[in-house]
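As structure tokens, the structure follows; a few thoughts come after it.
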Amino acid sequence: MMGTGKTAIMMNLNNHEEVAKRFDMVMWINVSAGESNENLDVSQLQKKIAKRLKVDREGANDSDDIAERISNELNGKRYLLLLDDIKANLDKHQMGIPPCENGSKIVLTTRENQILFPRVKFLKLTPLPTKESFRMFKIVANCPKFEDDREVGACVRRIVQECGGLPLLINIIASVFQKKDLKLWSEGLKSLERFSEKDCLLECWEAENFLGNGGDSRNAYMDGIYILKILKDKSLLEEHENPKYVMMHKCIRQILLHILSNDPNNKLLVQQMPPDAKCWSEKEWISLIEKFDKLPDRPNCGRLSTLFLQKNLALKSIPASFFDHMTSLKVLDLLHTGIELLPSSLSKVIELKVFYLDYCEYLKELLSSLEKLEHLEVLDIRGSGFSNIPSFIGKLKSPRHFQVSFAKCESENDTKEVEFNCNVISNFYKLEELIIDVKSERHQSNKVVVNIIKNVVTLKNLTKLQFCFLNEEVVDVIEVGTPATYLRINFPEADILYAYIEETRSWRSIQDILSFQFFIDWPNSIDPCIPKLEEYGRYVRYCNGEHINHPIFEVLANVDAFDLVNKKDIKHLSDLRIPSMKEGVACTS
Numbered sequence: 054m055m056g057t058g059k060t061a062i063m064m065n066l067n068n069h070e071e072v073a074k075r076f077d078m079v080m081w082i083n084v085s086a087g088e089s090n091e092n093l094d095v096s097q098l099q100k101k102i103a104k105r106l107k108v109d110r111e112g113a114n115d116s117d118d119i120a121e122r123i124s125n126e127l128n129g130k131r132y133l134l135l136l137d138d139i140k141a142n143l144d145k146h147q148m149g150i151p152p153c154e155n156g157s158k159i160v161l162t163t164r165e166n167q168i169l170f171p172r173v174k175f176l177k178l179t180p181l182p183t184k185e186s187f188r189m190f191k192i193v194a195n196c197p198k199f200e201d202d203r204e205v206g207a208c209v210r211r212i213v214q215e216c217g218g219l220p221l222l223i224n225i226i227a228s229v230f231q232k233k234d235l236k237l238w239s240e241g242l243k244s245l246e247r248f249s250e251k252d253c254l255l256e257c258w259e260a261e262n263f264l265g266n267g268g269d270s271r272n273a274y275m276d277g278i279y280i281l282k283i284l285k286d287k288s289l290l291e292e293h294e295n296p297k298y299v300m301m302h303k304c305i306r307q308i309l310l311h312i313l314s315n316d317p318n319n320k321l322l323v324q325q326m327p328p329d330a331k332c333w334s335e336k337e338w339i340s341l342i343e344k345f346d347k348l349p350d351r352p353n354c355g356r357l358s359t360l361f362l363q364k365n366l367a368l369k370s371i372p373a374s375f376f377d378h379m380t381s382l383k384v385l386d387l388l389h390t391g392i393e394l395l396p397s398s399l400s401k402v403i404e405l406k407v408f409y410l411d412y413c414e415y416l417k418e419l420l421s422s423l424e425k426l427e428h429l430e431v432l433d434i435r436g437s438g439f440s441n442i443p444s445f446i447g448k449l450k451s452p453r454h455f456q457v458s459f460a461k462c463e464s465e466n467d468t469k470e471v472e473f474n475c476n477v478i479s480n481f482y483k484l485e486e487l488i489i490d491v492k493s494e495r496h497q498s499n500k501v502v503v504n505i506i507k508n509v510v511t512l513k514n515l516t517k518l519q520f521c522f523l524n525e526e527v528v529d530v531i532e533v534g535t536p537a538t539y540l541r542i543n544f545p546e547a548d549i550l551y552a553y554i555e556e557t558r559s560w561r562s563i564q565d566i567l568s569f570q571f572f573i574d575w576p577n578s579i580d581p582c583i584p585k586l587e588e589y590g591r592y593v594r595y596c597n598g599e600h601i602n603h604p605i606f607e608v609l610a611n612v613d614a615f616d617l618v619n620k621k622d623i624k625h626l627s628d629l630r631i632p633s634m635k636e637g638v639a640c641t642s
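Following this line, the structure appears as structure tokens:
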């Protein structure tokens, strides 16, 4: 049963010191392919195991070759393999797992009672008895004496009874009560009723006007971050292993879907099987992910506000009239679908604010009629099948967040593409966030980076400019904090810093910024030697270059600390020719 503590047991086995002493190797592998009724395929499982064992997969011809390498690595070792959330029968030999010898063990968890596995001994996890449930609630809530209050104690017993002995639910509910005054516990459940992934999630919330921000995107973002924190504090959302994401536990998700399924006024459609066209009617939010290769021709859903179709790689086409009755649609997610062409009816979705087309690699072009989407604020076309940004995109009036991929800059044609794309982006006068995937490593892309920066420094609303390179290096070139009294800039040339300040900040306003960090020609702005903002609020690091030039004079006059790296032309501080510098400034070189 879901929520009985299977995964918690596996985590404890994986992290237990005494268990680790008994084995040469302990491996915990999540086998489940998400919400589907399938396991991850063999290649995906092999990748996880090989990564854990540090097995080199380079040059492997097929899965059999990788299986042999995994088997060779494990042969002769005493291993503990933890296979969590098995959905279907699994062949361990295909994965490369050798027979359990020398005391090796395999432990698996599953919700299916038909799973076949060699030499398996089943242990059924039952819900906690009432006494243990009550004890767990008391420990998690961290209030051992609440039994002293008869009214509160009676309330807690009712709550624990409703949890049905499921440790997951007990943990979530008890966490909600953890910081409450005992006098408020009888009202505690009401706090759960106040609320019905990170940046994308906040973008969708904002597009749906869930945040009540009055049109101020920066305040809306901060409101969203605050709400995410509350939801995580109440255990309704969880941290993902990747800090960019949050997730909802599958048990909580199933409970919410169950509640919605019994609500006659439910406006949400979440399905893993193709829904009948009638099911689309009157819905406001629809999520059809991963299992669909066909859509209805012309669904009648004039109230639809959000449509998720991501990861449907088998979906090759969208019917020509599909969007005819979706004039209220605000969020459309087609991430990693197999679509080859967008239908002309999409131009009728004039209220669209958020549009995700990232990693639609079979999509080779965009229709020029999309320029009618004048309310579009978020557009992601990274990894799409076209390298040039269509020129009509530059005519869009409202883009605030834009994500795109740029080709390598190895030929004259590549350079022209980059210049063309930069010209298109420079028309986004409302642009606040620009994220660019560069299809080469950083040292090969300096010209691309410099060209882009020079073209976007004129965008006065820009608060974030980020580059992502092939070697997984991420560089935040411009980052303006909230409130806008914090500024981090990492520019390859001092002249670009000067242009940026000239265009977006007057020299006077530099004095008004409470904290800033400027890096010029510095390859890594996340260096342990760089002081934290609480140590020095205003900091500059300047590397290389033949001389100190004008913009740095102006900035250094207002710093608390600065580093000059590899500046051999500076022998004395007086060489900086700064007429006035703050007292107590820290300087290293």
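Residue numbers (the numbering used here): 54 to 642.
Beta carbons: idealized from backbone N, C-alpha and C, even for Gly.
From a predicted model like this one, the values you see are computed outputs, not experimental measurements.
- prompt: What is the DSSP secondary structure of Lys383, reduced to helix, strand or coil?
  reply: In the sequence shown, counting from the first residue as 1, residue 383 sits at position 330. Here Lys383 sits in coil by DSSP.
- prompt: So, using beta-carbon positions, are Phe459 and Lys492 closer together than 8 angstroms?
  reply: If you number the sequence shown from 1, residue 459 lands on position 406. If you number the sequence shown from 1, residue 492 lands on position 439. Yes. Within cutoff.
task: From the DSSP output, read off the bridge partner residues of Val618.
output: The residue labelled residue 618 in the question sits at position 565 within the sequence shown. According to DSSP, which records beta bridges pairwise, Val618 is partnered with Cys596.
- prompt: When DSSP labels each residue in this structure, what does Cys354 get in the three-state scheme?
  reply: Looking up residue 354 in the sequence shown gives position 301. If DSSP states are grouped into helix, strand and coil, Cys354 belongs with coil.
message: For Arg541, which residues in the same chain have their Cβ closer than 6 angstroms to its Cβ, ignoring the five residues on either side in sequence?
response: Your numbering for residue 541 matches position 488 in the sequence shown. Answer for Arg541: Glu532, Gln570, listed in chain order.
- prompt: Under the rule that 16 or more other beta-carbon atoms within 10 Å means buried, what is Asn474, buried or exposed?
  reply: By one-based count along the sequence shown, residue 474 stands at place 421. With 16 or more Cβ atoms within 10 Å of its Cβ, Asn474 is classed as buried.
field: Segment contact flag, the stretch 421–441 with the stretch 282–300, C-beta cutoff 8 angstroms, min 3 pairs
entry: no
query: Would you say Ile392 and Ser370 are within 8 angstroms of each other, going by their C-beta atoms?
result: Mapped onto the sequence shown, residue 392 falls at position 339. Mapped onto the sequence shown, residue 370 falls at position 317. Cβ distance < 8 angstroms, so Ile392 and Ser370 count as in contact.
With 16 other Cβ atoms within 10 Å as the buried cut-off, status of Ala367: Position 314 of the sequence shown, counting from 1, holds the residue named residue 367. It counts as exposed.
field: Contained beta strand (DSSP E) runs [length at least 3] in the stretch 447–514, N- to C-terminal order
entry: 454–459, 486–491
task: Measure the CB-CB distance between Lys406 and Glu430 and report whether it falls below 8 angstroms.
output: Along the sequence shown, read from residue 1 onward, the residue named residue 406 stands at position 353. Along the sequence shown, read from residue 1 onward, the residue named residue 430 stands at position 377. Yes, Cβ-Cβ distance for Lys406 and Glu430 is below 8 angstroms.
- prompt: Taking the DSSP output, what are the residues bridged to Arg591?
  reply: On the sequence shown, position 538 is the one that residue 591 refers to. DSSP output for Arg591 lists Phe569 as bridge partner(s).
field: Exposed unless 16 or more other CB atoms sit within 10 angstroms - verdict on Phe175
entry: Here the question's residue 175 lines up with position 122 in the sequence shown. By the neighbour-count rule (16 or more Cβ atoms within 10 Å), Phe175 is not buried but exposed.
field: Contact belief for Arg591 with Phe572 at Cβ below 8 angstroms, rounded distance in angstroms
entry: In the sequence shown, counting from the first residue as 1, residue 591 sits at position 538. In the sequence shown, counting from the first residue as 1, residue 572 sits at position 519. Not really, about 13 angstroms apart at Cβ, beyond 8 angstroms.
task: Apply the 10 Å Cβ neighbour rule to Ser186 and answer buried if 16 or more other Cβ atoms are within range, or exposed otherwise.
output: Counted from its first residue, the sequence shown places residue 186 at position 133. Ser186 should be labelled buried.
field: Buried versus exposed, by CB contacts within 10 Å (16 or more), Ala103
entry: Indexing the sequence shown from 1 puts residue 103 at position 50. Buried, since its Cβ has 16 or more Cβ neighbours within 10 Å.
field: Cα-Cα separation between Phe615 and Phe544, rounded to whole angstroms
entry: Numbered from 1 along the sequence shown, position 562 holds the residue referred to as residue 615. Numbered from 1 along the sequence shown, position 491 holds the residue referred to as residue 544. Those two C-alpha atoms are separated by around 16 angstroms.
query: Tell me which same chain residues have a C-beta within less than 7 angstroms of the C-beta of Cys17, skipping the five on either side of it?
result: Any property of residue 17 remains undetermined from this structure, which presents the chain solely from 54 to 642.
Alpha-carbon spacing of Tyr132 relative to Val79, whole angstroms: Stepping through the sequence shown from its first residue, residue 132 is reached at position 79. Stepping through the sequence shown from its first residue, residue 79 is reached at position 26. Taking the straight line from one Cα to the other gives about 6 angstroms.
Beta-carbon spacing of Leu222, Gly58 below 8 angstroms: Counted from its first residue, the sequence shown places residue 222 at position 169. Counted from its first residue, the sequence shown places residue 58 at position 5. Contact flag unset, no.
query: Of the residues Lys417, Gly149, His69, which one's Cα is nearest the Cα of Ser96?
result: For the purposes of this step, residue 96 is taken as the residue at position 43 of the sequence shown. Residue Gly149 is the option with its Cα nearest to Ser96.
Other residues of its chain near Leu310: CB distance less than 7 angstroms, five sequence neighbours each side excluded: The residue you call residue 310 lines up with position 257 of the sequence shown. So the list reads Val323, once near-sequence residues are dropped.
- prompt: Using a Cβ-Cβ cut-off of 7 angstroms (strictly less than) and excluding sequence neighbours within five positions of Ala227, which residues of its own chain qualify?
  reply: Position 174 of the sequence shown, counted from the first residue, corresponds to residue 227. Phe190, Val193, Ala194.
- prompt: Is any heavy atom of the ligand ATP found at a distance shorter than 7 angstroms from the C-beta of Lys401?
  reply: The ligand content of the structure shown is nil, which means the ligand ATP is not present either.
message: Once the 5 residues before and after Ile434 are set aside, which same chain residues still bring their CB inside 6 angstroms of it?
response: Counting from 1 along the sequence shown, the entry for residue 434 is found at position 381. These residues qualify, in order along the chain: Leu410, Val457.
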